[in-house]
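Undergrad:
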Amino acid sequence: MENIETLIYLLLGLPLLAAANTLLLARFENLRDGQAVLLGLVTAGCAYALYTSSTPVPETVTLVQIAPQLTLTFTPEPLGMLFALVAGSLWPLATLYTIGYMRGAGEKNHTRFMFFYAIAIHAAMAIALSGNLLTLFVFYEVLTFSTYPLVTHKGTPEAKQAGRIYLGILVTSSVVFLLFGVISVWMLAGTLDFASGGILADRMNPAYVPLLLGLFAFGIGKAALMPLHRWLPAAMVAPTPVSALLHAVAVVKAGVFSMLKISIYIFGIDFLAATNASDWLVWVAAFSILAASIVALSKTNLKARLAYSTISQLGYIVLGAALASPLAASGAALHIATHAAGKITLFFCAGAIYVAHHLSDIRDMDGLGRRMPITFSAFALGALSIIGVPPLAGAWSKLMLMGGAMQSEFLIIIFLLAVSSLLNLVYLGEIVLRAFFKSGAHSEGAMAEAPWACIVPLVVTALMSLGLFFAVDNFVLEFGGK
Amino acid sequence: MSEIAAHWNYYLVIILMMLGFYAVIARGNMVKKMVGLNIFQTSVFMLYISVGKINGGTAPILTGDPASVYSNPLPHVLILTAIVVGVATTAVGYALIIRIYESYGTIEDDELAVLIDSDEDACERANTEPA
Amino acid sequence: MMMQHLPILQVILPLLAAPFAALASRRHWAWHLTLVATAGAFAISLLLLATILRTGTPIIYDLGGWPAPIGIVYVIDSASAFVLPVVSGIGFIATLAARHLVIAEIDARDHPLFFAAWLLTLAGMLGQVTTGDAFNIFVFLEISSLSGYALVAMGAGRDRRALPAAFNYLILGTVGATFYVIGLGLLYMLTGTLNLADLSVRLADVENLRPAYVALAFIALGLFLKMALFPLHLWLAPAYSHAPSAVTALMAATATKVSVYVLIRILFGVFGFEFPYMTQAVGGLLLTLGLLGAFVGTFAAIVETDLKRLFAQSSIAQLGYMAIGLGIMTSAGIAASFIHLFNHALMKGALFLALGVIAAQTTHLSLHTIKGAGRQIPMTMTAILLGGLALIGVPLTAGFISKLYLIRALIDSGLWAIAAVTFVSSALALVYVWKIVEHAWFTERPENAPVLTETPGQWAQAWILVLATIGFGIYAGPLVEAAFGAAQVFGPDIIQATQTIEGLQIIEGLEGQE
């Protein structure tokens, strides 16, 4: 039992240590960056150790009691440990990639960047392991504020504008709706602790459940549910490692994770299913999935297209939460992991293309595959995983979501998921096809890949998508239910 | 009618109060404002003093005669304090008026407002056009 | 021996130190004397708080040995013991900062007089909190206000607009205080007493309450003026923005708070929850004006470019939240106001002390002045950032605790709509705080802009308050308990028991089914 507690402290503390070191070692670039990667690897190891440790009784660590009934508490549960594992294992890769990208693309203010990057990971870890709603909310806000300097990193007017949208939407939604939801739960249930099976059943009038769920669905702006998605494309002005962080590792994943965690451990799947409170959310999520896919088709900027793809994919996870069936919840949890691996690969590739050739428009990438074979092969793998083609990990989570839809008797959703996959195929496939099979301005010339620090992470994550398909057994979580 | 006659002191106080208050609000000249403020305060003093007074009552000095009727001394004492406060306020007020006249050359509200605006503009310029 | 005289020493110490400060022949003596006096006052208020927390029984101090209601009494109970350390603590820390701020901003000849007025203003505020006599409150109110007018006017050395600002403050302040006295006169006519506790007892026996309604209206109006509640807030922004920086910090953090405290004392200590029209008229008015003030202040801050005025406008919004807390008319609401009173004093003190570091170096303190300042004066700007985050109510800062308990109190009383609107207005604070962040960190400093400097001696005082803001955001238990204890002074909540919230009804309904 002791070691679980130690692991929790390590997972929370190591990113902070990396942040502190970053400041202390600001003058020694290699040392500063090296320690971050190293500590990242240790964090990943800890996250893995925590995930594989089978504890029958959840271990609780209370950091501080803020006020009566209000504590900062950390309690690992399967879903949180999975998210911690995702964030923890992608962090060192993202850091390594950041080093390559920042040096390659000639960005300034590395120390500030690395510092807030580490803080953001700390916040993501804390969200993952949070034992009550207050802790989740607190670190949700920490994550927002710590990623703001990253989004605005370039300091240009566009970056500042993007920062305003980013902060405006995320903070306003969380302060106005999420905090309202948190306080409402506190009033209704008298507690904020996550508990399997939920804490709200029998505590409130079923008629109000959809309303409360709405406070959370629209309060968690990080889940980018339409119409609160605007910040995500806006934040694309940031350097690509930030986009990777936002899309795959920390921010949006923290959003959908929170959504999933709240519906499983606050409302309880059975309670949601019994009251049909989440039916409306199924349709909103479905709309978000389709609409974002269609918008993605119209974007020619690679990062913008990926951003809308993310919005659409986040819809899957919210959908999984809203379907309120055990299989859908498991699928949603798995999708957090599979989408993370897939999307981070795509963003790494986008960044690598930018570093090597300063290209960001899809139409300019004709034939580029011949000059950057590694990058585009990885891109193809990531894309196939997002589309949901076996033998890539994305296939499993989509399959489980469809099964969940069947369980909840939303048959039309199955059709919708299929349509969405088709759209994914069109907008992601186009890029791969252009790169490999069309010839354009960039098709001639010798191989010109990005620096190794960019290539290694994207190869690793692409292989992860592949590996996850075969090792999926270890990542399917069971959430009670009938 | 007898109602009004019995409470004539209150009506006087209210009239005085409104006069003073009107001067504070409506007059643009700062000295007149201060005068109005003084009238306003004085009306309150009158209120307290008249409340303490009892018809036929004497000064509250022990005479040994249990039948003697006193006026209530407490409001009078309170108002002594309030008068001191009022005097202090007046002094600070006039001191400020003198200083305002020294730096702006006027003690009229509207003229002052123009000058203050130009001060603000000067600040604004200093801020937007780097020195 | 000394211990039992603490309540009077609390007020007397700064009061007596004032003339000595005025007479000090060397300017540093005045500051040292002030420092000792404020440190003493702070220590006394901490002692008093500790005593109250330990024993739980109020300390009643009969002035000159005359017991109430004949003599004047000083009462230290959970409420006044809660507010005293706020005032004296901010006074102490502001005095620490005053050394460099006053040297930078005020003519050396005036230092002794400045510190004399400074001590008087503190003594006046401490007196208002300690005394149990309604007329005595007026006297102390005027002591603190008169010296406050003088302090504001001392900004004239650098900015002549301080003079008209001080004059307007004087006119409105005096009108407010006079309104208070009128109301008090009416109460005295009805009850024949001026002792707060006695007033509340005797008021209950009064048959014809109509003069009491008028008294309530006058007193409330007067205090609304003094606490700068919308729409009686117009004096505040000019006075704060043109005053010397140290004065702004002291007054913004304490002056209006003391008026809020006096309002609580009179409204709930004298009239009480059950007074006719209290909930509907006074409560409704406080809620309405508080909400309006929250929006008006926030929007005014959003469009403002002068930094001192920006935070002065934000003060109006924050006072609006305190008014909302009182308007709920439950002890949970009063407790929320007490919590915010405490937290806001910390945040605004920190912000204005940090602004002072910059104000001392430039003539105009605007957004333009701080362009790119984040690199030149990182500690100062970080203090402003953290203070700003606390204003928004970001978790792990004291502002979050304030907001949490205010909203909770609102929802407790079924005021869902007001809770929602409060959420929106508090989120808007983000806009004006973020203007500063963008200018300070994400804008290049203009090449011809003067170089700003900072030394630990300058920013340390602001950081003490910043750390306190964060400390009380992370570990707020004792604060919350003390605030609820303070609210308990004004009786149990009658209203809350009679009002039902939907959530409770639902619970009861479900229990009924089972």
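Protein chains in written order, with the working numbering: chain Z, 1 to 482; chain B, 483 to 613; chain H, 614 to 1127.
The C-beta atom is built at its ideal place from N, Cα and C for all residues, glycine as well.
#1: Report the residues of the region 523-543 of chain B with a CB closer than 7 Å to any CB of chain H, ordered along the chain.
#2: Is there contact between the region 742-759 of chain H and the region 803-817 of chain H, where contact requires at least three CB pairs shorter than 8 Å?
#3: Residues of the region 1038-1072 of chain H in Cβ contact with chain Z at a cutoff of 7 Å, in chain order, please.
#4: Which complete alpha helix (DSSP H) runs does the region 842-922 of chain H hold, if anything under 4 residues is left out?
#5: Helix, strand or coil, according to DSSP, for H/F1036 in the structure here?
#6: Comparing C-alpha positions only, which one of Z/S439, Z/H229, Z/L468 sits nearest to Z/V310?
#7: If you compare alpha carbons, which of Z/A471, Z/Y9, Z/T172 is closest to Z/S130?
#8: So that I know if they touch, is there some Cβ in chain H lying closer than 8 Å to that of Z/G481?
#9: Can you confirm whether B/T571, when its beta carbon is compared against all beta carbons of chain H, has any partner nearer than 8 Å?
#10: Where H/A654 and H/G702 are concerned, what is the direct C-alpha to C-alpha distance, given to the nearest angstrom?
#11: Counting C-beta neighbours from all protein chains within 10 Å, is the total for H/T1035 16 or more, i.e. buried, or is it exposed?
#12: List the residues of chain H that Z/A67 touches, going by C-beta distances under 7 Å, in chain order.
#13: With three or more beta-carbon pairs closer than 8 Å as the criterion, would you say the region 826-840 of chain H touches the region 676-687 of chain H?
#14: Whose C-beta lies closer than 7 Å to the C-beta of Z/A453 among residues of the same chain, with five residues either side of it excluded?
#15: Under the DSSP definition of a beta bridge, which residues are partnered with H/I672?
#16: Taking C-beta pairs closer than 8 Å, name the residues in chain H that Z/L167 reaches, listed in chain order.
#17: Got a sec, what are the start and stop residues for the alpha helix (DSSP H) Z/Q65 sits in?
#18: Taking only runs of the alpha helix (DSSP H) that begin and end inside the region 961-1037 of chain H, which ones reach a length of at least 4 residues, in chain order?
#19: Taking Cβ positions only, does H/G946 come closer than 8 Å to chain B?
#20: Find out if the Cβ-Cβ distance for the pair H/A1011, H/L1023 is shorter than 8 Å.
#21: Span of the beta strand (DSSP E) holding Z/L225?
#22: Using 8 Å as the threshold, is the C-beta distance between H/A828 and H/G796 below it?
#23: From what residue to what residue does the alpha helix (DSSP H) around Z/L70 run?
#24: Contact defined as beta carbons within less than 8 Å: I believe Z/S312 pairs with Z/A292. What is the distance between those atoms, to the nearest angstrom?
#25: Report, in whole angstroms, the separation of the C-beta atoms of Z/P92 and Z/A44, which I expect to be a contact under 8 Å.
#26: State the DSSP-derived secondary structure class of Z/S385, mapped to helix, strand or coil.
#27: So B/D601 contacts chain H; which residues on that side make the cut at Cβ distance below 9 Å?
#28: Can you tell me whether H/D811 is helix, strand or coil according to DSSP?
#29: Give the range of the alpha helix (DSSP H) segment to which Z/E502 is assigned.
#30: Output, in chain order, the set of chain Z residues within a Cβ distance shorter than 9 Å of H/A1033.
#31: How close, in whole Å, do the beta carbons of Z/F116 and Z/L150 come, if the pair is a contact with beta carbons under 8 Å?
#32: Are the C-beta atoms of H/G835 and some chain B residue less than 8 Å apart?
#33: Terminal residues of the continuous alpha helix (DSSP H) containing B/N520?
#34: What did DSSP end up calling H/D720 once you bin it into helix, strand or coil?
#35: Hey, Z/G404 and Z/G320: beta-carbon distance below 8 Å or not?
#36: Z/D361 bridges to which residues according to DSSP?
TA: According to the structure data:
#1: Q523, V526, L529, Y530, V533
#2: yes
#3: S1039, A1040, L1043, W1047, E1051, F1055
#4: 849-855, 858-877, 897-916
#5: helix
#6: Residue identity differs from the one stated: residue 310 of chain Z is Thr in this sequence, not Val. With distances taken between Cα atoms, Z/T310 lies closest to Z/H229.
#7: Z/Y9
#8: Its pLDDT being 45, under 50, Z/G481 is placed unreliably by the model, and the measurement read from it follows with that caveat. With 8 Å as the cut-off, Z/G481 does not count as an interface residue toward chain H.
#9: yes
#10: 8 Å
#11: buried
#12: I1014, A1089, G1090, V1093
#13: no
#14: L96, Y97, I99, G100
#15: H/I689
#16: L1043, W1047
#17: Element bounds for Z/Q65: not the alpha helix (DSSP H) but the beta strand (DSSP E), 61-67.
#18: 986-989, 991-1005, 1011-1025
#19: no
#20: no
#21: It is not in any beta strand (DSSP E) - Z/L225 carries neither H nor E in the DSSP assignment.
#22: yes
#23: Element bounds for Z/L70: not the alpha helix (DSSP H) but the beta strand (DSSP E), 70-74.
#24: 4 Å
#25: 6 Å
#26: helix
#27: D772, R773, R774
#28: helix
#29: This structure cannot settle anything about residue 502 of chain Z, because the visible part of chain Z is limited to 1 through 482.
#30: V176, F180
#31: 5 Å
#32: no
#33: 512-534
#34: coil
#35: yes
#36: Z/N301
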